[in-house]
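Working notes for the structure below.
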Amino acid sequence: DDNPLQIHRSGWDIEDFKKLGYKVRGNSGIKILRGYTGRIMFNPQIFWRIVSYMTQIVTCHYPRSAFSLLCIKEVK
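Okay, so the sequence shown: first residue is 8 according to our numbering, each after it adds one.
Structure below.
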């Protein structure tokens, strides 16, 4: 989409969320397996989806290597 109003102008870093009191977890497996839009980049797709799913165990605790972030904040 070439709509200039949809240009991505902001970004969040893991440290930004931590400073705001969030717990940060990695999600969607290791990022080198996925392209910009989140699709698995390698074939056979089913094999690499399984690999991506299995790497979530590691990326949950090491969010810098994860494709996406899950940020949780407890509000009392």
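The C-beta atom is built at its ideal place from N, Cα and C for all residues, glycine as well. Owing to the predicted nature of the structure, the values given are computational and were not obtained by experimental measurement.
* Per DSSP, what kind of secondary structure is Phe24 in: helix, strand or coil? -> Note: Phe24 maps to helix in three-state DSSP.
* For Ser72, name the three-state secondary structure that DSSP assigns. => When DSSP states are grouped into helix, strand and coil, Ser72 belongs to the helix group.
* Length-filtered (3 minimum) beta strand (DSSP E) runs lying within the stretch 23 to 56 -> Entirely contained in the stretch 23 to 56, the beta strand (DSSP E) runs reaching 3 residues are, in chain order, 30 to 37.
* Helix, strand or coil for Ile64 per DSSP? -> Correct three-state label for Ile64: helix.
* Segment contact, 8 Å Cβ cut-off, at least three pairs: the stretch 32 to 42 with the stretch 52 to 70 -> Flag = yes, the stretch 32 to 42 and the stretch 52 to 70 touch.
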